[in-house]
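Everything in the sequence shown is counted per the working numbering, starting at 29 for the first residue and increasing by one.
In this text, a Cβ means the ideal position worked out from N, Cα and C, and glycines have one as well.
The structure displayed is predicted, hence computed values, not measured ones.
Right, one structure below, let's go through it.
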Amino acid sequence: MVSTRKSLSLPVDAILPAIVSSLERHPNLIVQAHPGAGKTTRIPAHLLSVTRGEVLVLEPRRIAARMAARQVAREMGEPVGETVGYQVRFEEKSGPKTRLRFLTEGILTRRLLSDPTLRAVDVVVLDEFHERHIEGDLALAMLRQLQQRRPELKLVVMSATLETKGLSEFLDGAPLLHSEGRTFPVTVEHLPYSAQPLEAQVRNAVEKLMAEGHDGSILVFLPGVAEIRRAMRECEAVVRKHDLLALPLYGGLSPEEQDLAVAPSPRQKVIFATNVAESSVTVAGVTAVIDSGLARVASHSIWTGLPTLAVARVSRASATQRAGRAGRTAPGRVLRLYPEEDFLRRAEFDTPEILRSDLSQLCLALRAAPSEAVRGLQWLDAPPEVAVRQAEALLDRLGAQGEPAKEMARYPLAPRLAKLVMASLQAGAGEEGCLAAAVLASDVRSRRTDLLEAMDELRSNPQVRQQLEQIRRVARPPRQLEKHDDALRRAVLAAFPDRVARRRSGRLVQLSMGGLAELAGDDAIHEFLVAVEAEDRKDKALPGIRMVSAIEPDWLLDLFPERVTERNTVEWVASGERVESVSTLLYDDLVMDETRGAKVEEQAASALLVKKAVEAGLAPFVDADALEALLARIEFAGLEPPDVEGTLRELCAGLRSFSQLRTAAKDLLPLLEQQAGSQRLQSLAPHSIRLQGGRQTRVHYERGKPPWIASRLQDFFGMKETPRIGPAQTPVVIHLLAPNQRAVQTTADLAGFWQRLYPQVRRELMRRYPRHAWPETP
């Protein structure tokens, strides 16, 4: 057993005996304790003192794991690495005597891969579980599965703010213990909305605290690194005025830089932090918190699969966690940069990561785990099916199946970056591959858009160097005597096979997944690229691409021949009014190469020509009046109307242009007449009528009107009756023309005309045309 020497009494000390008693009766326990109550340090240490095996404590953040281990070791009077140790990504301090280990959540998952039963572990504590990281949910699910084989394994879930009912049910009715009271009281003040920029609001809040005589350090919660930098610049004057020490605190800093922010200082500090400072961190001397109420929340697009990073309002639980930082060492004060009604309208808890984030790392862990560890896995909140399918599809494209999946899971990296390292090792570019992964895994931003140029720029960056050394320890790359740029670029392609892009105009690129995206800079000059850093942007219409790697299109055929397809299509060339064949080589939805003028597939070409001809109308190809007259003639005859469009389609067979169709369309009217039945049509609706004197005159047909003819009046001499045609023997309308070819009379009753009107017409015509014969009895 281990004894501890506590430096001071903390509220959680009062429930330590109850915790031990509860775990003797039930394997699972939920502990809810206010920030500053001491749960992170006192409960694990006490459990260590009453058990013989190891105690593992899962922390959601690296800084929390390191600080908690140091505090417990300090209270035990030992250095870190003896009884108490920690292990976070790429960093470990422990020894053969270590029995209490503070781990980040992903470390436990990897330990379960190598030690599926956690043989030496008696208790696992999940601290600050309200943050609901994916790794935390996976750890809880795997531990519950392990309890079926090891019912003696104890689980303790802890947080200051936690939705306990559903969690208790998930843990088989686990009891809930509550630690009352904070170490020191905290006063919360809500400020009204302000139209000022966030950094100006922070400056005003700092000035307000200092003007009111605040003498402790100040912790400012901001959404991200960009906001931290802007706020620090904005506060430079007030910092100088009051001789304050301004320091940043966020996950991308080195451990030494993070330690500097949280360590005791003789000077009054203003610490500008992201939400890494929410959990399990007692920042020495802090007695005031300025809370923006905002955080940068990672998610991903269901439709594109691209990550998104948006500033969002934190939940009430998160705001409570932040406020708790102010009352750890003395009475505290909190200034929230939003009104109380805003606070009350917020969600009670943040949405669990498993419901909003990319699940590829989760699915990789499940693929790499022993089947007994994940068979029938039960989730506190089941991951969305759509997100699971996307993640599984990505892993399949990365080749993460069987042994490769287990190898990828060894790396404390995202699956893409693990694949990048593995592919570069196979290609003889392991050193450069490790550096590329370090650059992409770090929070350090390059001014360059091209990955290789960014690697050269950041090669000496301390944070990147630290990441690089940690990746090397896992990868063990052989020494490279020279650079292998193409080998590295091929490895990048292998890691991002779904992010291939092709330059269009300006900064626009076409994505292989479909759609366009926008490059962040102008320095990427290659035509074919891989978008290694891309995200959907809610404030922009197109996804943004911050970093790319150049590739050769031939590599797509080499690495992914199954994704390359050839598509033969036809296109309409409006300027030439013609159909043109297009042979396209595609990688997914991205055009790699395009050839025009190849042999045209006849059916497709004819179909497109017909479509364009119909859109243009019949006028460009046939005399519209002649067509209308034929259709009116067929209608008058009472025959079935012909299929004009179908006939035009038949004419298009083998043709490629409007020019060819115009020539072919000379046969359109005869073909339509044939469809109607030429002989019967001629019988019922003849083209012309023979008049008395032997002259043939054309019959005119119009829809909705009787047919009509026109000829000189003298041509009708000797005809007593009106000609009749059609199924109903309809009399034609006769236009009687004078010698000047103008109508002097229109009639459908020729006999009546001769009898009643001709004498008057005769007198007028004799006067005007005396040289013509105008018999009295025609």
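Look at residue 95 here: in three-state DSSP terms it is helix. Straight across, the Cα-Cα distance linking residue 391 with residue 443 is about 10 angstroms.
When DSSP states are grouped into helix, strand and coil, residue 407 belongs to the coil group. Within the segment 745-801, the runs of alpha helix (DSSP H) that reach at least 4 residues and sit entirely inside it are, in chain order, 786-796. The Cβ atoms of residue 217 and residue 362 sit closer than 8 angstroms to each other. Distance between residue 745 and residue 720, taken at the CA atoms: about 7 angstroms. With a cutoff of 8 angstroms on beta-carbon distance, residue 319 and residue 374 are scored as not near each other. For residue 431, the enclosing alpha helix (DSSP H) stretches over residues 431-438.
Put simply, the backbone Cα of residue 762 is about 12 angstroms away from that of residue 747. Closest in C-alpha terms to residue 585, from the list 525, 478 and 486, comes 525. By the CB criterion at 8 angstroms, residue 466 and residue 495 fall inside the cutoff.
C-alpha of residue 230 to C-alpha of residue 372: approximately 22 angstroms in a straight line.
Contact check for residue 483 against residue 457 fails: the beta carbons are separated by 8 angstroms or more. If you draw a straight line from the Cα of residue 115 to the Cα of residue 136, it is about 10 angstroms long. In the DSSP annotation of this structure, the continuous segment of the alpha helix (DSSP H) that includes residue 47 starts and ends at 44-53.
Straight-line spacing of the CA atoms in residue 519 and residue 367 works out to 51 angstroms. Residue 186: member of the beta strand (DSSP E) spanning 182-187, first to last residue.
Just so you know, the alpha carbons of residue 300 and residue 265 end up roughly 15 angstroms apart.
Distance from the CA of residue 161 to the CA of residue 377, rounded to the nearest whole angstrom, comes to 13 angstroms.
In the structure shown, residue 715 falls within a coil segment according to DSSP collapsed to helix, strand and coil. Separation of the CB atoms of residue 323 and residue 277 is rounded to 14 angstroms, and the pair is thereby denied contact status at 8 angstroms. DSSP lists no beta-bridge partner residue for residue 654. Close CB contacts of residue 709 within its chain, under the 8 angstroms cut and outside five residues either way in sequence, are with 661, 662, 665, 667 and 701 (chain order).
For residue 56, the three-state secondary structure derived from DSSP is strand. Counting the other CB atoms within 10 Å of its CB gives residue 74 a total of 16 or more, which places it among the buried residues.
With contacts defined as CB atoms closer than 8 angstroms, residue 244 and residue 185 fail to qualify as a contacting pair. In the DSSP assignment, residue 150 falls within the unbroken beta strand (DSSP E) covering 149-154. Counting C-beta atoms within 10 angstroms of its own C-beta, residue 398 has fewer than 16 neighbours from the protein chains shown and is therefore classed as exposed.
Pairing residue 600 with residue 521 gives a Cβ-Cβ distance that is not under 8 angstroms. With a cutoff of 8 angstroms on beta-carbon distance, residue 434 and residue 401 are scored as not near each other.
Approximately 5 angstroms separates the beta-carbon atoms of residue 133 and residue 86; this is inside 8 angstroms, confirming the contact. Straight-line spacing of the CA atoms in residue 754 and residue 659 works out to 15 angstroms.
The way I'd put it, the segment 168-180 doesn't touch the segment 33-53; fewer than three beta-carbon pairs between them come closer than 8 angstroms. For the options 567, 411, 190 and 804, the alpha carbon positioned closest to that of residue 204 is the one of 190.
Excluding the 5 residues flanking it on each side, residue 70 has same chain C-beta neighbours closer than 8 angstroms at 34, 38, 40, 41 and 44, in chain order.
Under DSSP, residue 621 forms a beta bridge with 613.
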